[in-house]
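Below: one structure, written as structure tokens.
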Amino acid sequence: MTEFSLNIAENVVEKLCSLESEETSLACCNEDELKKLKHSMLVIKDVLIDAEEKRSNSPEPRLWLKQLNHVFYDAEDVLDELEVENLRRQVIDRGNFYTRKVLRCFSSANPLIFRSTIGRKLKRINERFDAIAAGNVESRLTERAEERRPLNRERGTHSYVHSADIIGRDEDKEKIIQLLLHPSDEENISVLPIVGVGGMGKTTLAKMAYNDERVVKHFQFKMWVYVSRDFDKKRLVEKLIISATGGVGFGEDNGNMEVEELQTILRESIRDKKYFLVLDDVWINDNLAQWEELKDLLQVGARGSMIMVTTRSNQVASMIGTAPKYVHNLQGVRYDECLSLFVKYAFKEGHDKKYPNLLRIGKEIVKKCGEVPLAVRTLAGQLFLNTDERDWNLIRDSRLWKVEQKEDDILPALRVSYEHLPSCLKRCFAYCSLFPKNYEYNDYELIQFWMAHGLLQSSDGESELEDIGSIYLKELEYGCFLQGFRDLYGSLQFGMLDVMHDLALSVAQDECFVVTANSKRIEKSVQHISIPDPDSVRQDFPMLSQDLDQVRTVFIHSDKDVLASNSILATCLSRFKYLRALNLSRSQFKELPKKIGKLKHLRYLDLSWNHRIKRLPNSLCKLQNLQTLFLGGCDEIEELPRGMRYMESLRFLWLATRQTSLPRDEIGCLKSLRFLWIATCEKLERLFEDMENLSALRSLYIVTCPSLNSLPPSIKYLTALQDLHISGCVALNFPNQEACEFKLKKLVLCFLEAIEELPEWLIKGSAGTLKNLKLEFCPALLELPACLKTFSALQELRILGCPRLAERCDRETGDDWEKIAHIPKVIVDNVDVIKQT
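Take a look at the structure:
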């Protein structure tokens, strides 16, 4: 809990310093109170740093920290009010007469009353700090012996972990594969459970078998479904259908089908086919009858089909396994193999011999991990590149190893690793508990969420927050807190192991709360709320949340369209005035209330995949603090709200609209914009003309805009653009225009049926920077531009579904081969042309 307090304190101090440097009239009027607040914050911050460094030797004073956090959050809210009002005034000062008149209507706050109110709030906060200080807070302060471990940015270059990196599981893998290839003669469909404690590597082993070439060839098709504790037959059948068919012919509308209809679809999908199904993380509990029904349903497959189940429960394994010989008990990895794993991830190659003392301490740490590879791997990741023996001793001697625990519980080992994360990463990891288990995170949504809560800290004051977020993600991935990274449409997608999600829930329990149908009370200290099943709590949520006054996050997470979000939305708008993040994804309300404009602290708003909403209120544009706005998949929005030019803090915008054109002086005025995604705009023929003002834009995605016929000439002025992705714009042409000034790193052109050439004006300026070029399903594309042979930085070219171009890129006879011969990796129609020879 100390790390949360410290991180919040750092944010408050940073805001105070920012206000001090701006010397605004609003800040100057409360100068004495602000100075006093800053002094208190600096003193308490030092206390917290000391408490965090000595965490292994003294218990955390939880009540004291809870009191501090409450005051910290109040202080942050008041300082944010100052920032919001300052921003509003800056927008007014920069506007013309009409703009000033409109924006003054955005706030009825009298400046004198506002200053007075802020002054009173600051005074009350300082009085509360005085009361805490009177309780001998300053006596806690002792001289610090060392600085906190900084974020180790060199890890960001480490390659992602793949199954090939797994140590000590070759015998297990081979045994599993032999059972898969030689099923029981007694059963039509055999069930093979893999059982073991959390963190032992059950899912990893299942994936190794699932992707083995022998297994792929042996079965007609494969399915993978995550189950977890909620063994709901209907949802499982839906997931099985999607996995079996790839989702073809099974859309969102099918979610309202009865179980019998779904069962019929599944039977027809697998009938007489030899399939391999993995059910990951099964907890049957009292649902044995449902399991038997599901197994009967799956019997229509061909003889020799296999179902593999991963579970932590021996009882589950014995109940559902075909026979005892088919139950694979996954044991711990031998000590010597665990040590090899530790050395691989804790040391640079050969450095274990260079630092024998560290290796000695490492051996003792490995012994404490109890042969659980995840615990070994996670702790090793925390020590990578760290040669300070004191830090290694802190992990070895942590009091958390002595915490009473259940048999086979690895949470203490993982908690040790968590405790030694840099403080800036601890809250980032803990906030992942707001997402459901087995959730597939996208890098941009998590980075933007962290940003909304001020968790991304720039040590030099110059690094882009998005880049810092990417570094944080890679740090967490290296330590196994996140895993399974893969590139999806230009963004990284990843997940979190169940045991890691359990850890996140454990460390975040004072601040984060998951509301379910069984929830009876929400503690007042809760700041962040997740609602995975809104339909089950729509009646109770207003009552459950009546005592909450500092809620900063409300997330609705559902794998189906939500019709019951109106009452939750009404509660958010009426009670949670300090909201920073609001996720209403898949909510199907018809109207967004005008009151949304009153959430002046809001920085993250997700309205995506609402298929019923047709208009957004203009009051949305009052949210001048908003950094992230997701409207993707809202395919019925007739017109974007007027006044978007006033949303000066927007950094990430994903929009959808039925307009035929985007007007000037709106999106083109968003100078803070870093990422713009224009998607599923069926009628859009023209983009906005004034792109020249988007001087910070780094990524531009134009996807599924079939009526779009050209790009505006002003696109050439996007000097910061690094990533351009255009897909599904079948009418788009590239008429000649002046060369672009941007220096791209990645260019993707897909499903552009009308283009016949890759225009030089689009790419010429990127000759020294372009690393990845992807051209897919552009059937009319005839040839590559001659300038491509001068692209010295180009590392990878992918061509797919472009028959004429593929012919010209043939290594032996192609006319365009000389233009691309220098590129290290050339993939044409899924064939690596370079490796082939």
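So the sequence shown is numbered by UniProt numbering: it starts at 1 and just counts up by one. We put the beta carbon where it would ideally sit given N, CA and C, even for glycine.
- Burial is judged here by how many other beta carbons sit within 10 angstroms of a residue's own beta carbon; N211 has fewer than 16 and is exposed.
- Contact between L582 and L616 does not hold, since their C-beta atoms are separated by about 14 Å, which reaches or exceeds 8 Å.
- Cβ-Cβ distances below 6 Å link M500 to F481 in the same chain, with the five nearest sequence neighbours on each side left out; the list follows chain order.
- Rounded to whole angstroms, Q588 and D561 show a C-alpha spacing of 7 Å.
- Between D606 and F630, the gap from beta carbon to beta carbon is short of 8 Å.
- In the DSSP annotation of this structure, the continuous segment of the beta strand (DSSP E) that includes G495 starts and ends at 491-495.
- Between I667 and M644, the C-beta gap is smaller than 8 Å, which places the two residues in contact.
- The beta-carbon separation of D352 and T310, rounded to 33 Å, does not stay under the 8 Å limit for a contact.
- In this structure the stretch 298-306 does not lie against the stretch 329-338, because fewer than three pairs of beta carbons, one per stretch, are closer than 8 Å.
- Under the three-state reduction of DSSP output, R615 falls in the strand class.
- Taking a cut-off of 8 Å on C-beta distances, the stretch 743-754 touches the stretch 767-774, as three or more cross pairs fall below it.
- DSSP lists F276 as the bridge partner or partners of K222.
- Looking at S5, D172, P412, E419, the one whose alpha-carbon comes closest to that of Y326 is D172.
- Looking at the DSSP output, Q483 shares a beta bridge with G495.
- Three or more Cβ pairs closer than 8 Å define a contact, and the stretch 534-545 falls short of that threshold against the stretch 427-446.
- When secondary structure is reduced to three states using DSSP, D723 falls in the strand class.
- Bounds of the alpha helix (DSSP H) holding N393 are 389-396.
- Across the structure, E293 and E187 are spaced so that their CA atoms are roughly 16 Å apart.
- Linking P641 to R124 through their CA atoms gives a straight-line distance of about 39 Å.
- DSSP places P712 outside both helix and strand once states are collapsed to three, so it counts as coil.
- When secondary structure is reduced to three states using DSSP, W283 falls in the coil class, being assigned neither helix nor strand.
- A straight-line Cα-Cα distance of about 25 Å links C572 and V12.
- Secondary structure at S40: helix, using DSSP grouped into helix, strand and coil.
- When the alpha-carbon of E807 is set against those of H822, E796, L788, L784, the nearest one is in L784.
- Per DSSP, the beta bridge partners of K774 are V748, R798.
- Residue state for K825 is assigned as strand, using DSSP reduced to three classes.
- Residue pairing of D606 in beta bridges, as defined by DSSP: N583, F630.
- Here A679 is bridged, per DSSP, to V703.
- Secondary structure note for F342: it is in no beta strand (DSSP E), and the uninterrupted alpha helix (DSSP H) holding it is 335-346.
- In this structure, the alpha-carbon of V191 lies about 55 Å from that of L762.
- Your pair S608 and Q627 does not check out as a contact, with CB atoms roughly 16 Å apart and the cut at 8 Å.
- The beta carbon of K45 is closer than 8 Å to those of L6, A9, E10, V13 in its chain, skipping five residues each way along the sequence.
- L383: member of the alpha helix (DSSP H) spanning 373-383, first to last residue.
- In this chain, T322 is not harboured by any alpha helix (DSSP H), its DSSP state being neither H nor E.
- Fewer than three Cβ pairs drawn from the stretch 255-271 and the stretch 310-322 lie within less than 8 Å of each other, which leaves the two stretches out of contact.
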